[in-house]
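This report refers to the structure that appears directly beneath it.
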Amino acid sequence: MRKNYLWYQFFRYGVIRPALHLFYSDIKVIGREHVPENKPVMFIANHQNSFLDALHIVNNTRHFVHFLTRAEAFGNPILDRFFYSLNMLPVYRARDGFGTIKRNEKIFEECYQCLARNDALLVFAEASQVMGRRIRPLSKGFTRIVFGVEEKYNWELDLQIVPVGISYGNHRKSRTPVRIEYSEPVPALQYKQAYQDDDRETAHQVKMQIEDRLKKLTLHIPNKKYYDLYQLMLDDLESNREELLDPELVNRRATVISNQLNGELVEESRFLLETADQYDLTVRDVVDPVSFDLKDVILSPGYFFSLLNNAPPYQLVRWLVNSYLEDEAFEASVKFLVGLMLPFYYILIAFILFLAGVSLPWIGGYILASLATAPLFVRGKDLLESKLLDKKKRSTLLDDEKFVEQLEKLKDLRSRLFRQQED
Numbered sequence: 001m002r003k004n005y006l007w008y009q010f011f012r013y014g015v016i017r018p019a020l021h022l023f024y025s026d027i028k029v030i031g032r033e034h035v036p037e038n039k040p041v042m043f044i045a046n047h048q049n050s051f052l053d054a055l056h057i058v059n060n061t062r063h064f065v066h067f068l069t070r071a072e073a074f075g076n077p078i079l080d081r082f083f084y085s086l087n088m089l090p091v092y093r094a095r096d097g098f099g100t101i102k103r104n105e106k107i108f109e110e111c112y113q114c115l116a117r118n119d120a121l122l123v124f125a126e127a128s129q130v131m132g133r134r135i136r137p138l139s140k141g142f143t144r145i146v147f148g149v150e151e152k153y154n155w156e157l158d159l160q161i162v163p164v165g166i167s168y169g170n171h172r173k174s175r176t177p178v179r180i181e182y183s184e185p186v187p188a189l190q191y192k193q194a195y196q197d198d199d200r201e202t203a204h205q206v207k208m209q210i211e212d213r214l215k216k217l218t219l220h221i222p223n224k225k226y227y228d229l230y231q232l233m234l235d236d237l238e239s240n241r242e243e244l245l246d247p248e249l250v251n252r253r254a255t256v257i258s259n260q261l262n263g264e265l266v267e268e269s270r271f272l273l274e275t276a277d278q279y280d281l282t283v284r285d286v287v288d289p290v291s292f293d294l295k296d297v298i299l300s301p302g303y304f305f306s307l308l309n310n311a312p313p314y315q316l317v318r319w320l321v322n323s324y325l326e327d328e329a330f331e332a333s334v335k336f337l338v339g340l341m342l343p344f345y346y347i348l349i350a351f352i353l354f355l356a357g358v359s360l361p362w363i364g365g366y367i368l369a370s371l372a373t374a375p376l377f378v379r380g381k382d383l384l385e386s387k388l389l390d391k392k393k394r395s396t397l398l399d400d401e402k403f404v405e406q407l408e409k410l411k412d413l414r415s416r417l418f419r420q421q422e423d
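Following UniProt numbering, the numbering of the sequence shown begins with 1 at its first residue and continues without gaps.
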């Protein structure tokens, strides 16, 4: 048994799995049956949301998963031990210095040993994370591991490359849906002869094949220059978040938009986005504002308690995000990590109540109420902000006749285009 096996499985199933299901409103997994159980697997996934991307894959496969992580995350002896206990392996890039690149040889050797044990290796082949709905060109580094391990073990491993698409309803917010889709595996063995004939060309072919697969597993906005237009048409104006997470549907819609691109459409979209931004709003805030319904009336006491109870940790998150985060792609991860600490925060409050002389039944009731209402915090905060903070800004923005006219025009165009495409 691996020395970290029990700890890893406890952390995966006892901590990460329940935490993810509390953090997200819905986690849909498609194609899990494509992952071979008794063969070594290399997962190649898109990378949009920091380490949450890795947690989703670790949580939704039975394999003992190891994953490559940017070396800059390592360096603290205590944290390094924790990272290694979770099967995180540092990978060095050219920007880390010439000497450190040689250390990748040792890391690759560890990867080979993991795969030889029929474990899984997770690689984010885009090389960096960007919180955008498109697949960026893949680095060829993963092909070096694919063919390196097969050559080391005389092509007897039968390594399976499994592309994974991860789609978020909202990258930065909790209590939103997420979809993980596994593609059918690509056996490395099928490239044996081609690799022996021309290793560089074959590595390129594998890279492009996996890249094409990923573009079908999640929304891929094809035109980077007009990304904001696609984002507006496919995301901001979409009230049904389930449709946004359907890659086949949204990629067809992206093609429709590509066929309609013109200067007027681009200018209208830019005007809407810039005007909304002047009021510190998004177009989505205007099109699909948070609404108060009967369910919210029933749950309002829970919202009130959760907002008061979780105000200190929420303020901590805001301080961390505003003070230290330069990349907004880490925002959801910070929220998730602070969320993991909530039980300890509730225990601290319970201890303070105990010192204050509060009876144990009331303390127990507080802890149960805290755990039960924690998932209500986000909805309560959204309702509060929508009613008290954003309502006036939305009202002022909707007084702008040009904005309203352009918005309705674009909504009508979107509806007609997508309806024709579906017919």
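We put the beta carbon where it would ideally sit given N, CA and C, even for glycine.
Distance, residue j Cα to residue i Cα
i, j, result
"Ser183", "Leu217", "7 angstroms"
"Phe142", "Val91", "11 angstroms"
"Ile349", "Leu342", "11 angstroms"
"Asp80", "Pro18", "25 angstroms"
"Val178", "Lys28", "6 angstroms"
"residue 440", "Leu265", "Any answer about residue 440 is impossible in this case: the structure gives the chain only from 1 up to 423."
"Gly263", "Lys152", "54 angstroms"
"Ser25", "Arg175", "4 angstroms"
"Asp280", "Ser291", "19 angstroms"
"Leu159", "Ser258", "37 angstroms"
"Trp155", "Leu6", "31 angstroms"
"Asn76", "Leu320", "20 angstroms"
"Tyr168", "Asp119", "27 angstroms"
"Phe67", "Lys106", "15 angstroms"
"Pro375", "Lys3", "35 angstroms"
"Tyr195", "Leu55", "33 angstroms"
"Gln129", "Lys224", "16 angstroms"
"Leu360", "Phe351", "10 angstroms"
"Pro289", "Ile166", "26 angstroms"
"Glu405", "Tyr8", "55 angstroms"
"Tyr191", "Arg117", "22 angstroms"
"Lys140", "Asp235", "31 angstroms"
"Gly339", "Ser239", "27 angstroms"
"Pro301", "Asn170", "26 angstroms"
"Ser415", "Leu189", "46 angstroms"
"Asp277", "Pro312", "29 angstroms"
Three-state secondary structure assigned by DSSP to residue i
i, result
"Val130", "coil"
"His66", "strand"
"Ala350", "helix"
"Pro312", "helix"
"Ser415", "helix"
"Leu26", "The residue asked about is misnamed: residue 26 is Asp in this sequence, not Leu. The answer is strand: DSSP assigns Asp26 an E or B state."
"residue 460", "Coverage of the chain is limited to positions 1 through 423, which leaves residue 460 absent and any answer about it impossible."
"Ser269", "helix"
"Ile135", "coil"
"Pro163", "strand"
"Tyr153", "coil"
"Glu181", "strand"
"Pro187", "strand"
"Pro301", "helix"
"Val283", "helix"
"Tyr168", "strand"
"Pro36", "coil"
Pair within 9 angstroms by beta-carbon distance, residue i and residue j
i, j, result
"Phe23", "Lys381", "no"
"Asn46", "Ile135", "yes"
"Gln113", "Arg252", "no"
"Leu138", "Val41", "no"
"Ser370", "Asn322", "no"
"Gln260", "Leu413", "yes"
"Thr69", "Phe83", "yes"
"Ile57", "Ile180", "yes"
"Pro185", "Pro36", "yes"
"Ser333", "Phe377", "no"
"Tyr303", "Leu383", "yes"
"Leu294", "Arg379", "no"
"Ile44", "Val123", "yes"
"Leu397", "Thr275", "yes"
heavy atom of the ligand SAM below 8 angstroms from residue i C-beta
i, result
"Leu52", "This structure does not include the ligand SAM; it has no bound ligands of any sort."
CB contact below 9 angstroms: residue i versus chain D
i, result
"Pro163", "The structure shown contains no chain D, having only a single protein chain."
Inset, instruction - Evaluate contact between the region 363-383 and the region 70-87, counting only Cβ atoms and requiring at least three cross-stretch pairs below 8 angstroms. - result: By the Cβ test, the region 363-383 is not in contact with the region 70-87, since fewer than three Cβ pairs between them sit closer than 8 angstroms.
Inset, instruction - Determine contact between the region 237-256 and the region 137-152, defined as no fewer than three beta-carbon pairs at a distance below 8 angstroms. - result: Contact between the region 237-256 and the region 137-152 is absent, because fewer than three Cβ pairs lie under 8 angstroms.
Inset, instruction - Would you be able to state if there are at least three C-beta pairs under 8 angstroms between the region 200-207 and the region 218-227? - result: Touching, no.
Inset, instruction - Could I get the ranges of all uninterrupted alpha helix (DSSP H) runs contained in the region 210-259, with 4 residues as the minimum, in chain order? - result: Counting whole runs of 4 or more residues, the region 210-259 contains the alpha helix (DSSP H) stretches 227-231, 241-244.
Inset, instruction - Could you tell me whether the region 49-65 touches the region 316-332, where touching means 3 or more Cβ pairs closer than 8 angstroms? - result: Three or more pairs of CB atoms, one per stretch, sit closer than 8 angstroms, so the region 49-65 contacts the region 316-332.
Legend entry - the region 275-292 contacting the region 384-397, beta-carbon criterion three pairs below 8 angstroms: A contact is defined here as three or more CB-CB pairs under 8 angstroms, and the region 275-292 meets this definition with respect to the region 384-397.
Legend entry - Ranges of the beta strand (DSSP E) found wholly within the region 325-391, counting only runs of at least 3: Within the region 325-391, no run of beta strand (DSSP E) reaches 3 residues while sitting entirely inside it.
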